[in-house]
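Working notes, beginning with the structure itself.
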Amino acid sequence: MKTPPFLSVIYILLLCFQAPAAEPEQTKFQSFLSSHCLRCHGLKNQKADRRFDRLELSNIELSDAGLLQDIVDQLNLGTMPPEGEPQPDARDIKEIVSSLTGLLNKLREEARQSSGNVVLRRLNRIEYRNTIRDLFDLEMTGFDPTVTFPADNVTDGFDNVGEGLVTSDYLLQNYLDAARTIADKVIRPGPQPQTVHYGVGAQFASTTTPTVSSSDKDGRIDSGRLFIKFRQPLLIPELNKSGVPADGEYAITFTACGVRRQSRYKDEDLRYDSSQPMRLSISIQSRELGPTSQKIVAEYEIPDDRSVEIEHRLWLQKGFTFSVHWANGPEGSFKRIMRKVLPKYNPDALLLARNPPEMYVGSGPELHVKSLEIEGPFYKEWPPKGFSRYFPKPPQSPELDYLDQSLLRLASEAYRRPVKQEEIEPYMTLARNHYDKYGEYWEAAKYGVQSLLTSPHFLYLVETENTNREELASDFSLTQHELATRLSYFLWSSMPDRALRSEADRGTLNKPKVIQGHVERMLANDKASAFVENFTGQWLNLRKLGTMPPDPEKNREYYANNLEEAMRRETQLYFSHILQPSHSILEFIDSDYTFLNSALATHYGIPFEGGDAFRKVKIPESTERGGLLGHGSILTSTSNGVETLPVTRGIWVLENLLGVHPNPPPPDIEPLEPDTRGVTTIREMMEKHRKIATCYECHRKIDPFGLALENYDHLGSWRSIYTKGLSIDSSVQLSEGTILKGPTGIKEYILARPEQFTRCLTEKLLVYALGRRLSFTDRADVDRVVAELPKHNYSLRQLIHFIVASRAFNSK
Amino acid sequence: MRLFLTTALLVFISASLDATSHPNVILILSSEVPRDELGSYGTDTQTPNIVRLQKQGVRYQIAWSMPTFQLSQRTLLSGKYPTTGNSLTKGSTTIPIEPKKTRPPAISVASILRKTGYLTIAAGKWADDGLTPIQESLIANGFDQHCILDSSLRNQQGPQTIVVNGKKQSVENPGKAINTFLIDFLGNPSDKPFFLYYPMHSPNLVGLNDKSPQKSASPMSHARHVDRILGQLLDSLDESGQTKNTLIVFTSIHGFGTKATPAPANGLSDEIPATNSMVLVPFIVQAPFLNEGGHVTRDLIDFTDFAPTILELTSNTNLVDYPLDGRSFVPSLKGVDDPFQKRNWIYAQAGKVRMMRDWQHFLDSDNNFHDLIKDPFQKEPVSPLDKQAPGRKQRLELILQRLESKLTIPNSK
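Taken in sequence, the protein lines are chains A and B. In this text, residue positions in the first sequence follow the numbering used here: the first is 1, and each later residue adds one. In this text, residue positions in the second sequence follow the numbering used here: the first is 813, and each later residue adds one.
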């Protein structure tokens, strides 16, 4: 029916007047957006994939809250609108920021009511391994039940984030197999294994007939005397067949003597450093597990011309053997010495012929091993602790009640909380049925243990919903045991120990002073090295170190001096040091010290006295190092082994120090062709980033930080020119216009905005501690930390305490 | 008075010649010692004294002789290879280098020792040139005393004639007679050190103990016989207290006598096959003043090494003004590790063939090349898969060439 004309007019008028239904904020916001933002982030363009024209403050969705937060952040940082665009009035910015912040807080509270996500997070590989170690007091050297486990997915930079830790059927199968292996290792009901004694050497020689001298083969037995010519291993043949008979502590004894350390041959000819004392290293390996199981466990210095007897005690898993090597003997093959070196010295040797080894042996440096033996296994206590903890005083004859009780004992430790018998009834039944079927008591026990170890209560860090939801609608706090578990996996990557568990049992763990005391205790414990290794491994890229190793030919020292390991160690020691009380996180950005051994000091060009041991070294004024940006580990892991990658470095700085996450590159971008002629610098090659507008959007933020670090080459050494002589220009302009020069410039820039770095580090630590991605609701905790930390001199330890005390950490 | 004192001083000095810098030297050559392929000689029951010598001395696994007595004697006493000219004075047929030119004879080590105050005795066999009377030849080559069964004076049957210090004697059992002579000598030590050169005749020739010469017996009984003689000599040394400063070298002229390499049925003749087996001989050295003994070594030795060794031991190396071909094996006896002080090849000649070897490989001038460890009887060629062999061969060729470039006279028989 046709509406009367005057009604339509009224209708239209009403519409016109409806709009300003109060929200002057909305209008202000809209007008701000349209004048400064919508051109690039609106209908026509969505730079950096952000679009603001649909935002309505009155009707904001939770999903848009993140976008709003973004706007606030960028305005605060001053990075938006970018340089070159008309800048808004400072007053306007303030108004918008404060109104938005208020809105965001309100939204946050609402969100907290309706979320309350329970995160299901399983143990990752490292956590599984450590938990097994602590659950059963097992010596894990050479034993890795997770060796075939698939790698864990990385989410938000960390591999302990529940969201990414999926469980495939392949992993389940691995869990079953690993649990079986572990059960086999742990359950040892019999008497202590007898010791064995194997050896080679004068007293073991069966005959004094000299063997025929063969060719370039291994150590020679000559009238009962063994010696090592080069770097080949010396071992006990009897042992090598099947390895040691049982897990346990073994004592390796050897007598060795260095002979002719300095001989008639020049060092360059032998590829040998005669100024270093001879060193003998012991390494262990398992034939079953293959060459990847080989590990060097010790090194000893051997004196010249004087025999020394050394005993070394170590733990060996069943089936392992050991060998000794001359760690710093002449490099390269014996064949080369006989063909190329010997003729230089002996006129009766023919150049490039395989001259008889008898013409060399006895004239050059040699490490004589007069005897080599192994004895064991020895045990400090029997049965082993891990077994007697759950199976104390095993009965002489099979008793099923005892088995049940043992499984219950194990479950209450493995589940990390008190367990009622009914809960593990199914597992007990499994074990009993196994016994009924096969009649083997200890096999049934192993079966029971195996099944317990595959229970989800063990494999997952379970945080159940509070049962009485209506009553505890606003209480999402963790139970005592859940808190203990979370704390323990944060600082130790392993299960709670007795002290922590007892505290939780008593119900007093969540008291502030109590939990602080535990944090201090746990950080002082050796197990905290797991925190250092795992957190720095991921935050500081240490796990990536070694994925793109440099060319061995051109970078000999990297391998010869084990620089990779040294670099990793430097960064770990640095982090551990700052973790001590009264150190500031700003030392991550810049400091006047670092931790070096002699190899690494040589690499950096810093004078150093002392040998291989790491120690704290003051960095000389003239050297541009200090802070994480001078660490070889970060500089090497952000290169590709051949040349530096400024984009990778830039992204690293943005993500890990400034907390800014640039968008990923568009698909189908061709990688940059390296200019091996060296006639253009990398800066020139990255011109495309500047010329093409869409590239420039993101790269204007990324490239400057990477290019400012160009003075560090692909291994972190300082260089003032490129290899072909082109000069390095390390001054850059950031997207908001600031100009910085070199690494010092970057450090000054970051130190001028310490709250940004604090926020970044806090967020990272929080992700690692919580094992989940940060959501909108966590912002309050982070904000509080960022505000409080400066008052504590930016102490890292205090930061940890804050995190442990935060609402997020104590809630599900 | 002064003269008296000076003389007394001189006598005192000469009398107190340091024993270990002037050891006694005994060189025994006997071809009757059977050995197995690895080189252990004799057995406790059959040849206890040979075993005793091994226990007190050093056994050389790889030692080469010259395959005839003539060549061996010349090489041993001169320290030079036949090809570089080692004919002794009036001791052997001299071969002209070129027509009308002869090489001066080599000096026997016995002459040098005699000059420095040693007593020098030769017993058993002596290789002569067939022209000079034996005693002249012996004296010219440095031997004061001798007790030789001259093969030229040999009778087919009945008593034999031996020459003792120039005088002929007729004896029923020459072997026994020679032995008695030696035991007497050893039993009465003088204040001078001595050098005894004792190539033993075959027991076939000299008779076994009291048995008459012509009766031949099994090789084992020969060995037992030699063993007995050796035992008597060792005992005599022990009793007279001279063992501690006596160097004894016990070796052989040819390498036959093993199960695998029995002596040719017709005895040694010119048609001797030129192989390692022929010249690889037992070589045992007892030197209590240098080592404790009782071990085995694979250090290389050939017969040119004897003279330099003696010269080094008696500090007389400077008395020889021409280069010797051999190397002293004193470092080896002392147990020195350094291969630069020891040999890395040895050489022998058989007929026209020149042979050389190292620890593992053998090469001769007819280009036969063998791996003696895998193939001790030289029956197979070296496998082409052996990567080291070509280099070893080239090295031996190089050294053989170097040696041949020093040769200016064709080798003798």
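In this text, a Cβ means the ideal position worked out from N, Cα and C, and glycines have one as well.
So is A/Arg498 buried or exposed if we call it buried at 16+ other beta carbons inside 10 Å?
Here residue 498 of chain A refers to the residue found at position 498 of the first sequence. A/Arg498 should be labelled exposed.
Could you check whether the Cβ of B/Leu1210 sits closer than 7 Å to any Cβ belonging to chain A?
Indexing the second sequence from 1 puts residue 1210 of chain B at position 398. So yes, B/Leu1210 belongs to the interface.
Please state the DSSP three-state secondary structure of A/Val186.
Position 186 of the first sequence, counted from the first residue, corresponds to residue 186 of chain A. Helix, per DSSP.
Quick check on B/Asn991 - is its C-beta less than 7 Å from some C-beta in chain A?
The residue given as residue 991 of chain B occupies position 179 in the second sequence. Closer than 7 Å: no.
Rounded to whole angstroms, what is the Cα-Cα separation between A/Pro343 and A/Tyr360?
As a working mapping, residue 343 of chain A is identified with position 343 in the first sequence. As a working mapping, residue 360 of chain A is identified with position 360 in the first sequence. If you take the alpha carbons of A/Pro343 and A/Tyr360, they lie about 10 Å apart.
For A/Leu407 and A/Leu176, I'd like the C-alpha separation in whole angstroms.
Counting from 1 along the first sequence, the entry for residue 407 of chain A is found at position 407. Counting from 1 along the first sequence, the entry for residue 176 of chain A is found at position 176. Taking the straight line joining both Cα atoms gives about 17 Å.
Contact belief for A/Asp152 with A/Arg125 at Cβ below 8 Å, rounded distance in angstroms:
Working through the first sequence from its first residue, we reach residue 152 of chain A at position 152. Working through the first sequence from its first residue, we reach residue 125 of chain A at position 125. That belief holds up - the Cβ atoms of A/Asp152 and A/Arg125 are roughly 6 Å apart, short of 8 Å.
Between which two residues does the beta strand (DSSP E) harbouring A/Leu280 extend?
Counting from 1 along the first sequence, the entry for residue 280 of chain A is found at position 280. For A/Leu280, the enclosing beta strand (DSSP E) starts and ends at 278–286.
Starting from A/Leu740, follow its DSSP beta bridges and name the residues at the other end.
Within the first sequence, residue 740 of chain A is the residue found at index 740, counting from 1. Per DSSP, A/Val732.
Give the residues from the region 356–381 of chain A that approach chain B closer than 8 Å (Cβ to any Cβ), ordered along the chain.
Pro356, Glu358, Met359, Tyr360, Val361, Gly362, Ser363
Pick from A/Glu373, A/Arg772, A/Leu430, A/Thr181 that is closest to A/Tyr198, judged by C-alpha positions
Counted from its first residue, the first sequence places residue 198 of chain A at position 198. Nearest C-alpha to A/Tyr198: A/Glu373.
Could you tell me whether any Cβ in chain A is nearer than 7 Å to the Cβ of B/Pro1151?
Residue mapping note: residue 1151 of chain B aligns to position 339 of the second sequence, counting from 1. Closer than 7 Å to some Cβ of chain A, the Cβ of B/Pro1151 qualifies, so yes.
Give the interface partners of A/Ala566 over in chain B, defined as CB-CB distance under 7 Å, in chain order.
Counting from 1 along the first sequence, the entry for residue 566 of chain A is found at position 566. Residues of chain B passing the Cβ test: none, with the nearest at roughly 38 Å.
For the 8 Å Cβ check, are there 3 or more pairs between the region 551–563 of chain A and the region 575–588 of chain A?
no
So which residues on chain B does A/Asp348 lean against when the C-beta distance must stay under 8 Å?
Within the first sequence, numbered from 1, the residue matching residue 348 of chain A stands at position 348. In chain order: Asn1156, Trp1157, Arg1207, Ile1211.
Can you tell me whether DSSP reads A/Ser795 as helix, strand or coil?
In the first sequence, the residue the question calls residue 795 of chain A occupies position 795. The three-state secondary structure of A/Ser795, taken from DSSP, is strand.
Could you check what DSSP says for A/Val462 in three-state terms: helix, strand or coil?
On the first sequence, residue 462 of chain A is found 462 positions in, with the first residue counted as 1. Correct three-state label for A/Val462: coil.
Would you please verify whether the beta carbon of B/Gln1200 is less than 7 Å from any beta carbon of chain A?
Taking the first residue of the second sequence as 1, we reach residue 1200 of chain B at position 388. By this cut-off, B/Gln1200 is an interface position.
Report the residue from A/Ile692, A/Ser455, A/Ala246, A/Arg784 whose alpha carbon sits nearest the alpha carbon of A/Leu423.
For the purposes of this step, residue 423 of chain A is identified with residue 423 of the first sequence, where counting begins at 1. Looking at the sequence itself, residue 423 of chain A is Glu, so the reference to Leu does not match. With distances taken between Cα atoms, A/Glu423 lies closest to A/Ser455.
For A/His325, the three-state DSSP class (helix, strand or coil):
On the first sequence, residue 325 of chain A is found 325 positions in, with the first residue counted as 1. Strand.
How close, in whole Å, do the beta carbons of A/Arg354 and B/Gly1203 come, if the pair is a contact with beta carbons under 8 Å?
Position 354 of the first sequence, counted from the start, is the residue given in the question as residue 354 of chain A. Position 391 of the second sequence, counted from the start, is the residue given in the question as residue 1203 of chain B. About 4 Å separates the two Cβ atoms, so the contact holds.
Just to confirm the assignment, what range does the alpha helix (DSSP H) spanning A/Ser406 have?
In the first sequence, counting from the first residue as 1, residue 406 of chain A sits at position 406. Residues 400–414.
If you reduce the DSSP assignment to three classes, tell me which class A/Glu331 lands in.
Counting from 1 along the first sequence, the entry for residue 331 of chain A is found at position 331. Here A/Glu331 sits in coil by DSSP.
Determine, using beta carbons only, whether B/Asp1114 comes closer than 7 Å to chain A.
Taking the first residue of the second sequence as position 1, residue 1114 of chain B is located at position 302. Not a single C-beta of chain A is nearer than 7 Å to the C-beta of B/Asp1114.
Out of A/Tyr574, A/Pro81, A/Thr253, A/Asp348, which has the shortest C-alpha to C-alpha gap to A/Leu235?
Position 235 of the first sequence holds residue 235 of chain A. If we check each option's Cα against that of A/Leu235, A/Thr253 comes out closest.
Count the other CB atoms within 10 Å of the CB of A/Tyr559; is the residue buried (16 or more) or exposed (fewer)?
The residue you call residue 559 of chain A lines up with position 559 of the first sequence. Exposed.
Spatial neighbours of A/Gln262 within its chain, please: CB distance less than 7 Å, with the 5 preceding and 5 following residues excluded, ordered by chain position.
Position 262 of the first sequence, counted from the start, is the residue given in the question as residue 262 of chain A. When the five nearest sequence neighbours on each side are left out, the beta carbons in the same chain lying within less than 7 Å of the beta carbon of A/Gln262 are those of Ser274, in order along the chain.
Report the three-state DSSP secondary structure of B/Pro1001 (helix, strand or coil).
Taking the first residue of the second sequence as position 1, residue 1001 of chain B is located at position 189. Looking at B/Pro1001 - three-state DSSP - the assignment turns out to be coil, as it is neither helix nor strand.
Since A/Ala256 meets chain C, which of its residues come closer than 7 Å, beta carbon to beta carbon?
The structure shown has no chain C; the protein chains it does contain are A and B.
Could you compute how far the alpha carbon of B/Gly929 sits from the alpha carbon of B/Leu1008?
For the purposes of this step, residue 929 of chain B is taken as the residue at position 117 of the second sequence. For the purposes of this step, residue 1008 of chain B is taken as the residue at position 196 of the second sequence. Each residue's alpha carbon lies about 14 Å from the other.
On the DSSP bridge list, what partners appear for A/Trp718?
As a first step, residue 718 of chain A must be located in the first sequence, where it is residue number 718. Looking at the DSSP assignment, A/Trp718 forms a beta bridge with A/Tyr712.
Anything in chain A within Cβ reach of B/Arg1204, meaning under 8 Å, just list it in chain order.
Within the second sequence, numbered from 1, the residue matching residue 1204 of chain B stands at position 392. The answer, in chain order, is Ala353, Arg354, Asn355, Pro356.
DSSP three-state call for A/Ala525: helix, strand or coil?
Here residue 525 of chain A is taken as the residue at index 525 of the first sequence, counted from 1. In the sequence as displayed, the identity of residue 525 of chain A is Asn instead of Ala. Look at A/Asn525 here: in three-state DSSP terms it is coil, with no helix or strand label.
From which residue to which residue does the alpha helix (DSSP H) around A/His577 run?
As a first step, residue 577 of chain A is located in the first sequence; it is residue number 577 there, counting from the start. Its alpha helix (DSSP H) spans residues 563–579.
Straight-line Cα distance separating A/Trp718 from A/Asn45:
For this step, residue 45 of chain A is matched to residue 45 along the first sequence. For this step, residue 718 of chain A is matched to residue 718 along the first sequence. Near 42 Å, if we compare the C-alpha coordinates of A/Trp718 and A/Asn45.
Identity of the residues DSSP links to B/Pro1011 by a beta bridge
Position 199 of the second sequence, counted from the first residue, corresponds to residue 1011 of chain B. Per DSSP, B/Leu841.
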